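Right, one structure below, let's go through it.
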Amino acid sequence: MKKGIIFLVALAIGAFVLASSAYTVQEGQQALILRFGKIVRTVNTAGLYFRTPFAEDIEFMQKRLLTLEISDKAVQAIDGRRFLVATFAMFKISQPQQFKESVSGNLNTARSRLETRMDAALRRVYGARSFKSALSDERENMMNEIQNAVSTEAATLGLELVDVRIKRTDLLPEVSKSTFDRMKSERQKEAAQFRAEGREANLRIKAQADRKATVLVANAERTSEIKRGEGDAERNKIFAKAYGQDAEFFDFYRSLKAYENALQDNSTTMVLSPDSEFFRYFGAQVPKTDAAPN
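In structure tokens, the structure reads:
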């Protein structure tokens, strides 16, 4: 009976010791094994492990990526304007032993020290540039500079700084209004300049069009005068040729045209002598008056 009890007690003690010595490292975790407070080894791979019970302690740490968010830090650019910058960083515990020794494995302490270093890096990087640079393609270079500056401090804490991002860059409220007013004034000045250039272009185009119209009209009139002169010359040539063929008939034709032109208006009154040259082709039909008696 006693042997059975002793066996059961021994079995219970053995099960307790075995249970106390076994531990599990989960995915996304790493562990430090401390023997009487001194770090003896590091476990970085997930699995089931054993330790010396009662002599060794286990401290688990995160292995996954961790974040640090810094919201609305007031910084000043090289041109004197102040604005608010919100950033965040991603880091991980790369050296568990160093992390334990530097900040006693406390994530809040590590975050506080990183935030202090990032604040200083933000002021230095932004202070060397203008406000426009923070909103341009140079923003990527600024983030890299901040990351490089903070990475050294992070390494002393056993951390690896994976990335730094600038989430937002806003002017301070009092600076936003003055900047908006200045930008509005600049845009109004540009608009006035554009309008003035437009009016100048309008006058220039109109002047060019008027000049071209004047030249076109002058050329058209010159061409018409040339054509009219050529027509008159051709007409005179035809008349001369006709006159040469039958002078008497040509004179008769011209007299008819003269009668037509002179008498086409019924309101025209003409006082002519019957024997005038104008009626020479009507001489046979115009009665001659007797001479007055002496």
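Each number in my numbering corresponds to the 1-based position in the sequence shown with 4 added.
In this text, a Cβ means the ideal position worked out from N, Cα and C, and glycines have one as well.
Small disclaimer: the values here were computed from a predicted structure and weren't measured.
1) Looking at C-alpha atoms only, which residue of Met65, Lys77 and Gly32 is the closest neighbour of leucine 176?
2) Is the CB-CB distance between methionine 94 and leucine 69 below 7 Å?
3) For arginine 115 and alanine 26, what's the separation of their Cα atoms in angstroms?
4) Identify every residue that forms a DSSP beta bridge with arginine 86.
5) By the 10 Å Cβ neighbour count, where 16 or more other Cβ atoms means buried, how is glutamine 34 classified, buried or exposed?
6) Taking the alpha carbon of threonine 173 as the reference point, which residue from Val44, Thr120 and Ser140 has its own alpha carbon closest?
7) What's the gap between the Cα of alanine 217 and the Cα of glycine 248?
8) Hey, is the stretch 149–164 in contact with the stretch 88–103, meaning 3+ C-beta pairs nearer than 8 Å?
9) Identify, in the order they occur along the chain, each residue of the same chain with its Cβ nearer than 7 Å to the Cβ of arginine 191, setting aside the five sequence neighbours on each side.
10) So, isoleucine 74 versus methionine 122, is the Cβ gap smaller than 7 Å?
11) Measuring CB to CB, does lysine 67 end up less than 7 Å from glycine 32?
12) Starting from glutamate 164 and walking both ways along the beta strand (DSSP E), at which residues does that stretch end?
13) Under a CB-based cut-off of 7 Å, is arginine 186 close to chain D?
14) So the alpha helix (DSSP H) leucine 118 belongs to, where does it begin and stop?
15) Is it right to say glycine 162 is buried, meaning 16 or more other beta carbons lie within 10 angstroms of its own, or is it exposed?
16) If you measure between the beta carbons of phenylalanine 135 and arginine 55, is that distance less than 7 Å?
17) What is the DSSP secondary structure of phenylalanine 40, reduced to helix, strand or coil?
18) Excluding five sequence neighbours on each side, which residues of the same chain lie with their C-beta closer than 8 Å to the C-beta of isoleucine 62?
19) For glutamine 101 versus isoleucine 43, is the C-beta distance shorter than 7 Å?
20) Smallest Cα separation from leucine 72: which of Arg232, Phe184 and Val166?
21) Based on the DSSP secondary-structure assignment, which residues constitute the bridge partners of glutamate 60?
Walking through what the data contain:
1) The residue given as residue 176 occupies position 172 in the sequence shown. Cα-wise, what sits closest to leucine 176 is Lys77.
2) Position 90 of the sequence shown, counting from 1, holds the residue named residue 94. Position 65 of the sequence shown, counting from 1, holds the residue named residue 69. Yes, Cβ-Cβ distance for methionine 94 and leucine 69 is below 7 Å.
3) Taking the sequence shown and counting its residues from 1, one reaches residue 115 at position 111. Taking the sequence shown and counting its residues from 1, one reaches residue 26 at position 22. Rounded to whole angstroms, arginine 115 and alanine 26 show a C-alpha spacing of 32 Å.
4) Against the sequence shown, residue 86 aligns to sequence position 82. DSSP lists Gln80 as the beta-bridge partner residues of arginine 86.
5) Indexing the sequence shown from 1 puts residue 34 at position 30. Answer is buried; the Cβ neighbour count reaches 16.
6) Position 169 of the sequence shown, counted from the start, is the residue given in the question as residue 173. Closest by alpha carbon: Ser140.
7) Looking up residue 217 in the sequence shown gives position 213. Looking up residue 248 in the sequence shown gives position 244. The alpha-carbon atoms of alanine 217 and glycine 248 are separated by roughly 46 Å.
8) Yes, they touch.
9) In the sequence shown, counting from the first residue as 1, residue 191 sits at position 187. Sequence-distant Cβ neighbours of arginine 191 in its own chain, meaning closer than 7 Å and more than five residues away, do not exist here.
10) By 1-based counting over the sequence shown, the position of residue 74 is 70. By 1-based counting over the sequence shown, the position of residue 122 is 118. Between isoleucine 74 and methionine 122, the C-beta gap is smaller than 7 Å, which places the two residues in contact.
11) To locate residue 67, count along the sequence shown from 1; it is residue 63. To locate residue 32, count along the sequence shown from 1; it is residue 28. Less than 7 Å divides the Cβ of lysine 67 from the Cβ of glycine 32.
12) The residue you call residue 164 lines up with position 160 of the sequence shown. Glutamate 164 -> beta strand (DSSP E) spans 163–175.
13) You won't find chain D in this structure, because it holds only one protein chain.
14) Counted from its first residue, the sequence shown places residue 118 at position 114. Its alpha helix (DSSP H) spans residues 111–131.
15) Stepping through the sequence shown from its first residue, residue 162 is reached at position 158. Glycine 162 counts as buried, since no fewer than 16 other beta carbons sit within 10 angstroms of its beta carbon.
16) Counting from one through the sequence shown, the residue named residue 135 turns up at place 131. Counting from one through the sequence shown, the residue named residue 55 turns up at place 51. Taking the C-beta atoms as reference points, arginine 55 is found no nearer than 7 Å to phenylalanine 135.
17) The residue given as residue 40 occupies position 36 in the sequence shown. Reduced to three states, the DSSP call for phenylalanine 40 is coil.
18) Position 58 of the sequence shown, counted from the start, is the residue given in the question as residue 62. Taken in chain order, the residues that qualify are Tyr27, Ala35, Leu36, Ile37, Leu38 and Arg55.
19) To locate residue 101, count along the sequence shown from 1; it is residue 97. To locate residue 43, count along the sequence shown from 1; it is residue 39. Taking a C-beta distance under 7 Å as the contact criterion, glutamine 101 and isoleucine 43 qualify as a contact pair.
20) As a first step, residue 72 is located in the sequence shown; it is residue number 68 there, counting from the start. Measuring from the Cα of leucine 72, the nearest candidate turns out to be Val166.
21) Here the question's residue 60 lines up with position 56 in the sequence shown. Under DSSP, the beta-bridge partners assigned to glutamate 60 are Arg39.
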